[in-house]
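Participant: Okay, so the sequence shown: first residue is 1 according to our numbering, each after it adds one.
Note that beta-carbon positions come from the ideal geometry of N, C-alpha and C, so glycine has one too.
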Amino acid sequence: MKLGEKIMKNSNTVYMTLLLIGVSVLGIFSYATYIFYQIVQGTTLIGWTYLVAAPNLFAILLILMLLFVGKEQASKEVADFLGGN
């Protein structure tokens, strides 16, 4: 069985895994951004907060994409990407 077929067969697991990754990254980096901001507040390093917060944007976009596109289409895109089609 090819990789793409395995992914499509387990589309629910793939969808939930992608959602879990998005929510985990959002939670971890939100907390890291908060801690970093509290430490560097009032210093010249405050601009680095945006760099620490950048993965939050990725996570939000991933979650929104998954919610709007749906389980079947998201699994198909992952299968195409990993399957080499």
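Measuring CB atoms only, is the stretch 8-17 touching the stretch 42-60, in the sense that at least three cross pairs come out at less than 8 Å?
Facilitator: no
Participant: For the stretch 18-27 against the stretch 61-76, do three or more pairs of beta-carbon atoms, one drawn from each stretch, fall closer than 8 Å, so that the two count as touching?
Facilitator: Enough Cβ pairs lie closer than 8 Å, so yes.
Participant: Report yes if the CB atom of phenylalanine 29 is closer than 9 Å to the CB atom of valine 52, and no otherwise.
Facilitator: yes
Participant: Can you give the beta carbon distance from lysine 71 to asparagine 12, rounded, assuming they're within the 8 Å contact cut?
Facilitator: 7 Å
Participant: Measure the Cβ-Cβ separation of methionine 1 and lysine 76 and say whether it is below 9 Å.
Facilitator: no
Participant: Glutamine 41 by DSSP, collapsed to three states: which one?
Facilitator: Here glutamine 41 carries a coil assignment [DSSP, helix/strand/coil].
Participant: Per DSSP, what kind of secondary structure is methionine 65 in: helix, strand or coil?
Facilitator: helix
Participant: Relative to the alpha-carbon of leucine 57, which residue among Leu3, Ala74, Val23, Gln38 has its alpha-carbon at the smallest distance?
Facilitator: Val23
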